[in-house]
Amino acid sequence: MTISFKDRIAIVTGAGGGLGRAYALELARRGAKVVVNDLGGTRDGTGHSDAALKVVEEIEAAGGEAMSNGGSVTEYAQMVEMVARAKERWGGVHILINNAGVLRDKSFAKMEPEDFRFVVDVHLNGSANCTKAVWETMREQAYGRILMTASSTGLYGNFGQANYGAAKLGLAGLTKTLHLEGAKYNVRVNTIAPVAGTRMTEDLFPPEAFKAFAPENVVPAALYLVSEDAPTNMIIGAGAGMFHAAYVTMTQGVLLPEAERTPEGVAAAWDRITDRTGETVPQSGAEQSMAILTLLQGG
Ligand code: NAI
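Numbers 1 to 299, taken from UniProt numbering, label the letters of the sequence shown in order.
Structure, rendered in structure tokens:
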């Protein structure tokens with residue numbers, strides 16, 4: 001079955017290059033009208049350029065429909081205006097891909113609080129800003145597909161990226177609550193953890209790998225996750241043609257007798273506490289309390 005985005009209106013942030021550009025081009029090729037947002041700054045988030053405009057020109061040259069937006073995701077008012085302009089011209093917003101991002105890598109020992117704050121602001125608050133700007137529209141339409149962009153750093157950690165990792169796992173957390181709040185309104189929210197050769201990773205990949213990790217190899221997962229039949233509340237990794245899921249899980253745990261509720265008791269029960277046999281993937285925070293109650297009731 002072909003996945004079409006005909007008559008869908010999509011916003012892709014940070015779509016002036018890299019992954020965002022690849023998403024925007026393919027959404028447009030499959031019929032979506034696309035808002036190409038990009039501030040056009042450098043990798044560390046300074047400066048401006050007309051990167052978004054160039055991608056709009058590419059989309060139009062290929063016969064698609066797009067509008068550029070040079071707003072910053074960190075400015076809520078600019079995101080509200082971006083959504084208003086899309087609605088004015090096309091009548092709604094069905095898809096939001098929160099993709100804009102910056103890097104300010106340094107070991108935590110050397111990281112200035114400002115570099116921590118700035119990176120969290122762009123990735124986490126920026127995605128919350130754009131999502132808040134479209135949220136009411138999606139609820140009213142009873143249709144919305146939102147994709148957050150996490151990273152292996154957020155899910156698993158990476159030396160030198162404390163700021164980035166904190167923001168990225170925050171986005172997976174944002175997905176988990178928004179998917180619950182959006183479910184009733186047919187708003188589905190997912191997270192992608194891409195791996196791609198872009199300017200963000202240009203110093204990491206050797207040239208051969210850079211080609212294998214072309215952004216186009218992430219596009220299929222991103223587009224499926226914002227399609228009509230998209231799942232919700234998933235964390236999907238994608239790179240170089242490999243696709244996988246990542247889960248936040250919970251072990252069965254142990255109910256310690258009162259006398260053992262001491263640090264020593266926890267140490268003694270450590271193997272049982274962390275035993276992964278029968279591990280589950282809770283679908284909401286309440287499941288943790290439920291699991292505890294079940295144990296208390298002797299279940
Ligand atoms: P990129 O640097 O090519 O793209 C990021 C885009 O976001 C840039 O065009 C930049 O101008 C834009 N941007 C930055 N600050 C902005 C702001 N305040 N408002 C609007 N736009 C802004 O890098 P890439 O690799 O395409 O990254 C896309 C997303 O994927 C990012 O969120 C990144 O963290 C994430 N990611 C990428 C990985 C990779 O292997 N390339 C790995 C894991 C995550």
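Glycine included, each C-beta is placed from N, C-alpha and C at the ideal position.
Whole-angstrom C-beta distance between residue j and residue i, which should lie under 8 Å
i           : j           : result
residue 9   : residue 93  : 5 Å
residue 254 : residue 238 : With a Cβ gap of about 36 Å, residue 254 and residue 238 do not count as contacting.
residue 122 : residue 73  : 6 Å
residue 144 : residue 185 : 7 Å
residue 189 : residue 233 : 7 Å
residue 7   : residue 31  : 7 Å
Residue i versus residue j: straight-line alpha-carbon distance, rounded
i           : j           : result
residue 202 : residue 49  : 20 Å
residue 64  : residue 108 : 44 Å
residue 118 : residue 90  : 33 Å
residue 150 : residue 212 : 21 Å
residue 278 : residue 250 : 9 Å
residue 252 : residue 14  : 41 Å
residue 262 : residue 296 : 18 Å
residue 335 : residue 54  : The displayed coordinates of the chain run from 1 to 299. Any statement about residue 335 would go beyond what the structure contains.
residue 34  : residue 192 : 19 Å
residue 68  : residue 12  : 10 Å
residue 272 : residue 259 : 17 Å
residue 134 : residue 181 : 14 Å
residue 244 : residue 111 : 32 Å
residue 78  : residue 269 : 52 Å
residue 158 : residue 105 : 10 Å
residue 317 : residue 265 : Shown here, the chain extends from 1 to 299; a query on residue 317 therefore has no answer.
residue 210 : residue 196 : 7 Å
residue 142 : residue 293 : 35 Å
residue 42  : residue 172 : 25 Å
residue 114 : residue 163 : 10 Å
residue 231 : residue 100 : 22 Å
The ligand NAI heavy atom lying under 7 Å from the CB of residue i
i           : result
residue 207 : no
residue 289 : no
residue 123 : yes
residue 160 : no
residue 165 : no
residue 220 : no
residue 214 : no
residue 190 : no
residue 51  : yes
residue 38  : yes
residue 68  : no
residue 174 : no
residue 199 : yes
residue 129 : no
residue 240 : no
residue 73  : yes
Pair within 8 Å by beta-carbon distance, residue i and residue j
i           : j           : result
residue 146 : residue 96  : yes
residue 132 : residue 154 : no
residue 25  : residue 194 : no
residue 52  : residue 59  : no
residue 207 : residue 22  : no
residue 224 : residue 3   : yes
residue 148 : residue 177 : no
residue 170 : residue 124 : yes
residue 82  : residue 129 : no
Per DSSP, cross-strand counterpart(s) of residue i
i           : result
residue 245 : 236
residue 68  : 36
residue 225 : Answer by DSSP bridge pairing: none, since residue 225 is not bridged.
residue 280 : 250
Near the ligand FAD: residue i beta-carbon under 7 Å from a heavy atom
i           : result
residue 184 : This structure simply doesn't include the ligand FAD; it includes the ligand NAI instead.
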